[in-house]
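**Student:** After the structure tokens below, expect a handful of questions from me.
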Amino acid sequence: MSAHGSPIRMTSRKGGPLSGVAAVPGDKSISHRALILGALSVGTTRITGLLEGQDVLDTARAMQAFGATVTRTGPGAWTVEGVGVGGFAEPAEVIDCGNSGTGVRLIMGCMATSPISATFTGDASLRKRPMGRVTDPLALFGARSYGRAGGRLPMTLVGAAEPVPVTYTTPMASAQVKSAVLLAGLNAPGQTVVIEKTPTRDHTERMLRGFGAEVTVEATPEGNRITLTGQPELRAQEVAVPRDPSSAAFPVCAALLVPGSDILVPGVSQNPTRNGLFLTLREMGADIEFLNEREEGGEPVADLRVRHSALTGIAVPPERAAAQIDEYPVLAALAACASGTTVMRGVHELRVKESDRIAAMARGLEACGVRVEEDEDTLIVHGLGPDGVPGGATVATHIDHRIAMSFLVLGLVSQQPISVDDGSPIATSFPVFEDLMRQLGASITRD
Numbered sequence: 001m002s003a004h005g006s007p008i009r010m011t012s013r014k015g016g017p018l019s020g021v022a023a024v025p026g027d028k029s030i031s032h033r034a035l036i037l038g039a040l041s042v043g044t045t046r047i048t049g050l051l052e053g054q055d056v057l058d059t060a061r062a063m064q065a066f067g068a069t070v071t072r073t074g075p076g077a078w079t080v081e082g083v084g085v086g087g088f089a090e091p092a093e094v095i096d097c098g099n100s101g102t103g104v105r106l107i108m109g110c111m112a113t114s115p116i117s118a119t120f121t122g123d124a125s126l127r128k129r130p131m132g133r134v135t136d137p138l139a140l141f142g143a144r145s146y147g148r149a150g151g152r153l154p155m156t157l158v159g160a161a162e163p164v165p166v167t168y169t170t171p172m173a174s175a176q177v178k179s180a181v182l183l184a185g186l187n188a189p190g191q192t193v194v195i196e197k198t199p200t201r202d203h204t205e206r207m208l209r210g211f212g213a214e215v216t217v218e219a220t221p222e223g224n225r226i227t228l229t230g231q232p233e234l235r236a237q238e239v240a241v242p243r244d245p246s247s248a249a250f251p252v253c254a255a256l257l258v259p260g261s262d263i264l265v266p267g268v269s270q271n272p273t274r275n276g277l278f279l280t281l282r283e284m285g286a287d288i289e290f291l292n293e294r295e296e297g298g299e300p301v302a303d304l305r306v307r308h309s310a311l312t313g314i315a316v317p318p319e320r321a322a323a324q325i326d327e328y329p330v331l332a333a334l335a336a337c338a339s340g341t342t343v344m345r346g347v348h349e350l351r352v353k354e355s356d357r358i359a360a361m362a363r364g365l366e367a368c369g370v371r372v373e374e375d376e377d378t379l380i381v382h383g384l385g386p387d388g389v390p391g392g393a394t395v396a397t398h399i400d401h402r403i404a405m406s407f408l409v410l411g412l413v414s415q416q417p418i419s420v421d422d423g424s425p426i427a428t429s430f431p432v433f434e435d436l437m438r439q440l441g442a443s444i445t446r447d
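In UniProt numbering, the protein residues as written are 1 to 447.
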């Protein structure tokens, strides 16, 4: 069942080479954070390149519900009139975060140290995802949560009237958990400390500094020790959102697989906590050039020139998992067309994404004639080579945009077309996916 309407069955099939420019949307992670930090700032924050997918639009509406004025001024251009740290008003209605785990967890963090209450819900997929990983550390500040069994939505969060700073070691590699704690620390006195054993995407730390917060990161034997000094006055900023590497992964992988392809993907974030997939692809033999490397909006970016390549399976270093966690589904699809076996370990976090992505990819690949192995923390794909994937299946997406797009990429080179039961969730992160892929030459249709 679709998150925002009736299911949309979609099918992809073999066609000619892909060519042209793939201007993917703005980075989803940075878009969420720009809206949230703009709402917590004093003055008018101006954002360009904002991803206008459903997940981010849900966060924009949430910021309005907490009292900020959020206005769209043009394509990808938005302004946020902030209320300042500690200035959130209690929302009159339930906060519906749709499909977005990032949105709901970060919003819970930024309201948890204000003396207000809010009730959160989401679509069927989001209501299955664990919120205890965020509400447990937020309770240390003094916040209280009341949700369904297992710490699931719908959930009411009661913010701390007299918050205290905390020191928290994250039990899993999760930028969402880290960010929720840091955002909660903004309205707590003193210093809030997060210790993460495995580094995760650092957009929150970068943007907090950009908005005027005092944030330090120290490498220690325990891991990264991130210290935030609470109760700053955040200052409104001009934020230019770079293009999303997680979205870029789909046209990049498609171009690598489809014979004769040659595309340019401009302005893609090369943040070292996010670029793991591109390193992995090059190790598999991908022809990817990084051109015009530069910095935009405090983030490193580059233009990617991608050409069709013969790929070989590898064992992906487990320590790279955090830097490509959202890209494993499309990597698994690509691995099915590589020569040899691709081993992906240390990926247990995929079990609690929009779907159980290990299981969803494994079942979908098996339906398309690919042999896979899995355990709680591992996905192994036995590649069939560039012409070997039979396809011909209809794959269950489980209301997961990345599962849908991954199998639509695979269908571009499988022997028989591949269908997905519902492509509508793609709008949550990559609303122009169909048009962009068709403009490059891909054969993707709605049935």
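The beta-carbon is built from N, C-alpha and C at its ideal position, and this holds for glycine as well.
Quick one: which unbroken alpha helix (DSSP H) runs of 4-plus residues sit fully inside the region 9-57? Chain order, please.
**Tutor:** With a minimum length of 4 residues, the continuous alpha helix (DSSP H) runs that stay inside the region 9-57 are 28-39.
**Student:** Determine the DSSP secondary structure at H398, reduced to helix, strand or coil.
**Tutor:** Here H398 sits in coil by DSSP.
**Student:** If I403 and S12 are in contact, beta carbons under 8 Å, what's the gap, nearest whole angstrom?
**Tutor:** Actually they do not touch by this definition, with Cβ atoms about 14 Å apart.
**Student:** For the alpha helix (DSSP H) containing P137, list its first residue and its last residue.
**Tutor:** First-last of the alpha helix (DSSP H) with P137: 132-141.
**Student:** Would the beta-carbon of residue 451 fall within 8 Å of that of G98?
**Tutor:** Any property of residue 451 remains undetermined from this structure, which presents the chain solely from 1 to 447.
**Student:** DSSP beta-bridge partners for H203?
**Tutor:** According to DSSP, H203 bridges with nothing at all.
**Student:** Is S6 buried or exposed, if buried means 16 or more other CB atoms sit within 10 Å of its CB?
**Tutor:** With fewer than 16 Cβ atoms within 10 Å of its Cβ, S6 is classed as exposed.
**Student:** State buried or exposed for N271, treating a residue as buried only when at least 16 other CB atoms are found within 10 Å of its CB.
**Tutor:** N271 comes out buried.
**Student:** In terms of DSSP beta bridges, what is T73 paired with?
**Tutor:** Note: T73 sits in no beta bridge, so no partner.
**Student:** Taking contact to mean 3 or more Cβ pairs, one atom from each stretch, closer than 8 Å, check whether the region 186-194 and the region 227-238 are in contact.
**Tutor:** Short answer: they touch.
**Student:** A323: buried (16+ other C-beta within 10 angstroms of its C-beta) or exposed?
**Tutor:** The residue is buried, with at least 16 neighbouring Cβ atoms inside 10 Å.
**Student:** Can you name, in chain order, every residue of its own chain whose Cβ lies under 7 Å from the Cβ of R72, other than the five neighbours on each side?
**Tutor:** So the list reads W78, once near-sequence residues are dropped.
**Student:** Under 8 Å Cβ to Cβ from G101, same chain only, skipping five residues before and after it: list those, please.
**Tutor:** Taken in chain order, the residues that qualify are L126, R129, Q176, K353, E354.
**Student:** Once you ignore the five residues that flank A65 on each side, which residues in its own chain have a CB closer than 7 Å to its CB?
**Tutor:** Answer for A65: P91, E93, I95, listed in chain order.
**Student:** Assign P425 to one of two classes, buried (16 or more other C-beta atoms within 10 Å of its C-beta) or exposed (fewer than that).
**Tutor:** It is buried - the Cβ of P425 has at least 16 other Cβ atoms within 10 Å.
**Student:** Tell me whether L291 is buried or exposed, calling it buried when 16 or more other Cβ atoms sit within 10 Å of its Cβ.
**Tutor:** Exposed, since its Cβ has fewer than 16 Cβ neighbours within 10 Å.
**Student:** Determine, using beta-carbon pairs with one atom in the region 134-141 and one in the region 114-123, whether at least three such pairs fall under 8 Å.
**Tutor:** The region 134-141 vs the region 114-123: no contact.
**Student:** Compute the Euclidean distance between the alpha carbons of A362 and L50, then round it to the nearest angstrom.
**Tutor:** Near 33 Å, if we compare the C-alpha coordinates of L50 and A362.
**Student:** Please confirm if the region 294-308 is in contact with the region 324-338, defined as three or more CB-CB distances below 8 Å between the two stretches.
**Tutor:** With a cut-off of 8 Å, the region 324-338 and the region 294-308 do not count as touching, because too few Cβ pairs lie within range.
**Student:** List the endpoints of the continuous alpha helix (DSSP H) containing I107.
**Tutor:** It spans 101-111 - the alpha helix (DSSP H) in which I107 sits, taken as one unbroken run.
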